[in-house]
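Residue numbers (the numbering used here): 11 to 108.
Ideal Cβ positions, reconstructed from N, Cα and C, are used throughout, including at glycine.
Predicted model, so just to flag it, every value in this text is computed and none were measured.
Only one structure is covered here, and it is reproduced in the block below.
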């Protein structure tokens, strides 16, 4: 009985965590940096999470910015955001992708 209860708690916990992740990605009209959490960028021949290539901020209610650490990765970050099909239209100025 304890084994079944433990297994049920584990499965329920995983389900709740997945639901929280899905809710964080819902577009609510306000910018949320979690929209970009699943975006992978092709960087020097390998897929790297966007969050590892730059600092993601939401300076305004409807704006997400990514301050890319490496200037050579700016275009790859912009392309990855477009290909993620999130309904975002990125543009860049220097190392900053909006």
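List the residues that DSSP assigns as beta-bridge partners of residue 43.
For the purposes of this step, residue 43 is taken as the residue at position 33 of the chain shown. Its beta-bridge partners do not exist; DSSP assigns none.
With H, G and I counted as helix, E and B as strand and the rest as coil, what does DSSP make of residue 50?
Indexing the chain shown from 1 puts residue 50 at position 40. Strand, per DSSP.
Same chain, Cβ closer than 8 Å to residue 69, five either side skipped, listed in chain order
Position 59 of the chain shown, counted from the start, is the residue given in the question as residue 69. Closer than 8 Å at Cβ, skipping near neighbours: 75.
Is the beta carbon of residue 60 closer than 9 Å to that of residue 81?
Your numbering for residue 81 matches position 71 in the chain shown. Your numbering for residue 60 matches position 50 in the chain shown. No.
Which of the three DSSP states is assigned to residue 8 in this structure?
Because residue 8 is not part of the residues shown, which for the chain are 11 to 108, the question remains open.
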